[in-house]
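Residue numbers (the working numbering): 4 to 181. Working notes, structure below.
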Ligand code: CA
């Protein structure tokens, strides 16, 4: 397929040469253009992966926070069940969150959050509540609002959140029934 596409490009270039519309592409330029594009796509993929990883970390912290609120501690099994992920994945992520200073792990007392972990979890929790409230306000049903907020919560600029908060507050003031 790639060869076919390249071949077609060459043929098109040849046609352009024939009609003297475009300069012929110099041979040494081709690999450069290709490697720049390749580098861009690697960088792009890497950024997506990094973003996905941050989203996951935030979800873990939020779930751990909720579990601690409910039963004053969290175990790997609880997290695995709540997030519907395998226990090796939980172990890996718990290790990463521990390394980065977000949680404490004690063999017999389970997992707890550090101050840094708690503050990320509370931030995500508040974002989630606000976004859900906003989506319900504009007519989205509760289940979908919750589902969408789960994804959006990681990607909203603080400035946008501030504006959304103001908006929700004003609408509620005008229509207390909402
Ligand atoms: Ca989420």
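For every residue, glycine included, the Cβ atom is placed at its ideal position computed from N, Cα and C.
1) Compute every distance between the C-beta of residue 58 and the non-hydrogen atoms of ligand 1, then say whether any falls below 7 Å.
2) Quick one, what's near ligand 1 if you take every residue whose CB is closer than 5 Å to any heavy atom, in chain order?
3) Near residue 131, which residues of its chain fall below 6 Å by C-beta distance, leaving aside the five closest residues on each side in sequence?
4) Thinking C-alpha only, which one of 108, 46 and 129 is nearest residue 62?
5) Considering just the uninterrupted stretch of the beta strand (DSSP E) at residue 115, what are its terminal residues?
6) Is residue 76 closer than 8 Å to residue 121 when the C-beta atoms are compared?
7) I'd like the span of the alpha helix (DSSP H) that includes residue 84, first residue to last.
8) Taking residue 168 as part of the alpha helix (DSSP H), name the residues at either end of that continuous run.
9) May I have a chain-ordered list of the alpha helix (DSSP H) segments no shorter than 4 residues that lie completely inside the region 98 to 148?
If we stick to the structure as given:
1) yes
2) 62 and 153
3) 152 and 156
4) 129
5) 113 to 116
6) no
7) 79 to 86
8) 161 to 177
9) 118 to 140
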